[in-house]
Amino acid sequence: MGQLTRRARAASALFATIALASSPAAALDPQKALTQYGRDSFSTAQGLPQNSVLSLVQTKDGYLWLATYEGLVRFDGVKFTVFDKQNTPELKASWVTALHEDARGSLWIGTVDGLLERRDNAFRRRSLPNDSVSAIASDATGALWIGTVGGGLIRLRGDDDLTTFTVKDGLPGDVVTSLHAAADGRLYVGTSDGGLGRITHGSIEKLGKEAGYPSAAVLKIMEEGGALWIATRGEGLFRRKDGEVTIFTQADGLPSDHVNDLLIDRDGSFFAGTSKGLARRQGDRFIGLTSKRDGPVDARALLEDIEGSLWIGTEMAGLHRLKDGSFTTYSTDEGLPSNMVRSIYEDRSGTIWLATEGGGLAQLEGGRITRKYTTADGIGGDVVWGLFEDSGGALWVGTVGGDLGVRRGGEFQTITREGGLPVDLVSSFAEHDGALWLGSDGLFRYKDGVFSAWGPDRGIPKSRINCLVSTKSGALFVCTASHGLGEIRGDEVRFYTSKDGLAGDNAVAVTEDRDGVLWIATSGGLSRMKNGLLTSFTREQGLYDGALHQVLIGDDGALWMSTNKGIFSIKKSDIEAYEQGRAAGIPSRSFGVADGMKNTECNGGTQPAGIKARDGKLWFPTIEGAAVIDPKRIRRNLLPPPVYIESVVVDHVSRPAGGPMELAAGSKNLEIHYTALSLVNPGRVAFKYRLDGYDNEWNDAGPRRSAYYTNLPPGNYQFRVIASNDDGIWNEAGAGLALYLKPRFYQTGGFIALCVIAASLLLGGAYGARVSYLKRRAKELLAHNAELAQALGAAREAARLKGEFVANMSHELRTPLNSIINIPDGLLRFFREHEVASCERCSSRFELEPGDTVTGSTQCPECGEAGSLAVEKGYQFTGDGDSVVRYLMTLKRSGKHLRGIIDDVLDFSKLEAGKMAVEVAPIRVKELFAELKETLAPLAEQKRVALDFADPPPDLELSADPVRLSQILINLISNALKFSSEHQKVDISADLSDDGSACVFCVRDHGIGIAPEHQAVIFESFYQVDGSHTRRAGGAGLGLAITKQLVELHGGTLWVESELGKGSAFFAKLPIRTDIGEEHRQNPDIGAERPPDQRLILALDDEPVALETLKLSLRNVDFEHEVVSLTDPRKLEAAIRALKPDLLILDIMLPRVSGLTLLRRLRSSESTKELPILVASAFHENREVCISLGASWLGKPYEPEALALAVQALMKRASRRATRPEARA
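Each residue of the sequence shown is one higher than the one before, starting from 155 at the first, in the numbering used here.
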């Protein structure tokens, strides 16, 4: 059991060691300013025991260790684990002063009261002559050197070989502040008041001021390329190389002459931590971290981790981290006049222009801000929104509340309102058709010094213009804030909105790719216009966000989009895979603060709201600077994270996960806590785990760092966990832990054996009786087997028939629906939309000409009344009347066909449920035939089949439901027409039966006929003789089943006589005097008196189909009831007064009146405030309002059982209320 745990821990340790040794992660990019790195801060609010971090070490297993005044701290990127004198007995004091990891992987911890070694997750205290440790180092021989406060220097070899060096032995001082084991084997010793010393082969040498070394306290010693660097307290930074000494101080850019720590990262960048902040060396000068957001911090300790981040331990300011990201941001820290960047432009010289809100215009060259322009420099205003360079090289600057700026020859000029500028807001530009176009709260054209407005008279609606783009095809596309995307070609204007497939009517930006395809960023998602067709993609398809500001196309064709939630990219190949059905969605890769952005909120609605520069970099404006990324150089973390299992919690008792673990019998709750050491972006670390012996597959835990199990059966288990870093690189080896859950006594093998013996004795006694019973039962089963086999065959045949029926119904429904859905689009093209003014006083209507406006003082031309005109949309017919009629006739035929199918399905459902109601009346057959002949003549003419109605006996009469009898004969005649060929005929006749008690109707065709084996089953539900022929002929295939049940409902019989190739004859024999049970009769007077135990349910819904479905759903309630249907909400209150229903079922989405208004009116009336009301609606946002008004709620769609239960509960509640004394009173 222990082998898995040992192997897993060894694998994790080896994995971490290899990762630390290989160091594939890049260091901080030296081309960026210190303020452009991502910065994270950690303090007591995040779990630090105290805000001073005195020393830092990342051990080979990947953990980060911190020395603080309040204990030793271990950090996994998410959680700080504190070891102090309260929970770690080996720590006599919580003040930790120094940390060091030796070549064996032991972590050495120096405190003010002793030295500790941590190895294999266990602490061991080491005895020293002086326990106040200040510095620790190890040399190439494996010896450990310990600096102390007042006790000099101690060398530890092995477990107990201690040697002490003090001032008496030549040490410069007994207060050791720093140690450095040089590559040549010598040891440098920095002291507090004696300067620097060097030990060579046991010989101590003082390095004094006269030799160019510092005399102040030495806090850090480091080697670099043959140079020795010495950090001091108060004398700055010394560099000694080739016998020459150079001293760097504040005059050379250091924030302070008090230098605490030094670090050279893996790419050679040199960092110094001072008492007033961090600095990086550039040549022979230092550049400090001077963010305007933060004051100086006392940087006490520096560390570069395996993933390239720089950690800074401070005095009283917590722990800080600088990390590189794929994005570089330019903000006020880098010289921008304002962080609110609205648009970005690259001119033909390669200069980047940044438009800011409130700070004017900034010019960026060579990666730095070189100049700023404000109103004083002639740009027109300090709130800059739009930028554009025309074909002549002039830079146009659009402002808000100011003038229009133009830069020619390096000088700015302005166009003012007095000079012809029509607006004081310009947010977008384009050059098209030899003119400059400007977007504002409207569209304007500028040519030859003259501005002209393009408004409603030119087809451009009144709307804010977000973006203008002139395309390769010669069109000008206009993005509006409320009317979608406009296309201008010459004088022709067309607009695309959400009704045409655009993702949103707020079109924000347009980008044209190399193939001429347009990509449109909208407030609702991304749209693509290809060959004039629009296709849209939203969050439902996988976009990171739907409210887009800009869409850019990288050199590799990937799409990059900015939003208020950050920036994300998608690949065109992933879009194609989704559209071809090869992928379930479109994966997005998102970027935010963790990737170098200072703020995820981007800006849009101005132009350009982002650009692709000529070097391929992408620029985006944000509320905290300009964010730029090079898609070819996106940083990737290739280090799989080491994975560790840290602890196990059994029934709320925590235990460290140090090896194979045995759990007590009866343990119920098991928690396993694990971690993965990727510090750069721990929030994106993902985990999978499984418990072998219990789980059949991996559990996807996402970022969760714990697994939970309850009530595990006894036995051996092996827990395994794997993890991936923020770039999806998995550590497949992961970590493992062997577990054994002991059984209770009754779960042991001995107890089970006793139970088996006892059970065997009991079973033996019952065996004889059981054998006798089984023999009898075997005979019975043999008899039933034949019945079951027959039933199984019937069930399989029924399933086949239902499948064929569903396939046929799908086709029959889709065909008319296609016409019903698409024909209105064709009809709308025959109408021109325009504005109409209508007078509320005289009811006159007038068409408004383009440019006409109606205000509160406009008079009606007819009656002269001012303020009585209201503007609304009107439509003028401009098309071909014959074409419209053809469209409408097709629509009518499709609607009638669809209604016929739905009627068949509803009739079949009623008949199956036994709810079909008939109303008997005397019928003269001669008159019936005359009506049928007139009704079916158009269908017969269409099929080119003759209908021959034989004259019935003149006085032939029977009692039946006129509607249902007509339906019977129409079904039979329509069926005969369907299976007849052109120029054939169908014969219809009626006569008395031989005994005179019945009327026999006969419908005979001369079509294909029916085989004998099918004649007995064609009247069964879902049965079709030939599904392929039914598909060709059309129909739902329920006609004969419905007809047979209607005939039987009248007490009659239906049969067929047929011969293949000669046709078929269908006979319906109905009694002259039909005896129909009371349960099938229909009472037309809904207000008539009803039985005392019958409940009346009033149902209001504007959809008749929904009401029929409701009635069917209530057929199995446990009380007698009648359902009265109502489709007009205006008649509801009158119906309640007349019927006095026991329950109202109400749909709140109604025409002409709000269902919520009706509900409030009913509750405010004394007569209906106690009426039980059930609201059945698909709009769940109204649920709380309805409940607050005393109504019960049932969401649509509902199951019939759910409706029945809700109604029964309301009826019982109403009955209890009616029997209470106060109710009776």
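Note that CB positions come from ideal geometry on N, CA and C, so glycine has one too.
Secondary structure of residue i, DSSP reduced to three states
i            : result
residue 921  : helix
residue 824  : strand
residue 99   : In this structure the chain extends from 155 to 1379, so residue 99 is not present and cannot be described.
residue 885  : strand
residue 865  : coil
residue 843  : strand
residue 778  : coil
residue 281  : coil
residue 978  : helix
residue 568  : strand
residue 1333 : coil
residue 1125 : helix
residue 1399 : Absent from the structure is residue 1399, since the part of the chain shown begins at 155 and ends at 1379.
residue 158  : Here residue 158 scores only 42 on pLDDT, less than 50, and its place in the model should not be relied on; the value that follows carries that caveat. Residue 158 falls in the helix class under three-state DSSP.
residue 185  : coil
residue 649  : strand
residue 1360 : helix
Cβ-based neighbour list, residue i, same chain, cut-off 8 angstroms, excluding 5 preceding and 5 following
i            : result
residue 1272 : 1362
residue 693  : 679, 699 and 700
residue 1242 : Low confidence applies to residue 1242: its pLDDT is 44, below 50, so where it sits in the model is not reliable, and the reading given next is rough at best. Counting only Cβ-Cβ distances below 8 angstroms, and skipping sequence neighbours, we find nothing.
residue 380  : 395 and 396
residue 1239 : At residue 1239, the pLDDT of 39 sits below 50, so the modelled position is not reliable; the number obtained from the coordinates is stated separately. Closer than 8 angstroms at the Cβ level, and outside the excluded window around residue 1239, lies no residue.
Between the CA atoms of residue j and residue i - distance to the nearest angstrom
i            : j            : result
residue 749  : residue 346  : 42 angstroms
residue 1268 : residue 1354 : 7 angstroms
residue 1022 : residue 1001 : 15 angstroms
residue 604  : residue 529  : 24 angstroms
residue 440  : residue 473  : 22 angstroms
residue 1019 : residue 990  : 17 angstroms
residue 1193 : residue 1126 : 8 angstroms
residue 594  : residue 642  : 17 angstroms
residue 1025 : residue 992  : 7 angstroms
residue 303  : residue 271  : 19 angstroms
residue 706  : residue 715  : 6 angstroms
residue 1093 : residue 1226 : 30 angstroms
Bounding residues of the beta strand (DSSP E) (the contiguous stretch that carries residue i)
i            : result
residue 1096 : Note, residue 1096: premise wrong, no beta strand (DSSP E); alpha helix (DSSP H) at 1079 to 1097.
residue 1288 : Per DSSP, residue 1288 belongs to no beta strand (DSSP E); it is in the alpha helix (DSSP H), 1286 to 1293.
residue 1139 : 1139 to 1146
residue 593  : 589 to 594
residue 538  : 538 to 543
7 angstroms Cβ shell around residue i - same chain, five flanking residues per side excluded
i            : result
residue 660  : 635, 636, 676 and 677
residue 570  : 557
residue 311  : 297
residue 266  : 247, 249, 251 and 286
residue 1207 : 1201 and 1223
9 angstroms Cβ cutoff, residue i in contact with chain D
i            : result
residue 1313 : The structure shown contains no chain D, having only a single protein chain.
Close-in-space but distant-in-sequence residues of the same chain around residue i (CB under 6 angstroms, 5 per side omitted)
i            : result
residue 383  : 376, 393 and 416
residue 1255 : 1261 and 1301
residue 986  : 1030 and 1032
Range covered by the alpha helix (DSSP H) that runs through residue i
i            : result
residue 1196 : 1193 to 1203
residue 479  : Neither: residue 479 is in no alpha helix (DSSP H) and is coded neither H nor E.
residue 245  : It is not in any alpha helix (DSSP H) - residue 245 carries neither H nor E in the DSSP assignment.
residue 1169 : 1166 to 1169
residue 332  : No alpha helix (DSSP H) contains residue 332, which is instead part of the beta strand (DSSP E) from 330 to 335.
- Tell me the start and end of each unbroken beta strand (DSSP E) in the segment 685 to 752 that is at least 3 residues and wholly inside, in chain order. 687 to 691, 702 to 707, 713 to 717, 720 to 724 and 743 to 745
- Which runs of the alpha helix (DSSP H), 4 residues or longer, sit entirely within the segment 783 to 817? none
- Task: Let me know the beta strand (DSSP E) ranges lying completely inside the segment 452 to 511, each 3 residues or longer, listed in chain order.
- Result: 453 to 458, 464 to 468, 473 to 477, 481 to 484, 495 to 500 and 506 to 510
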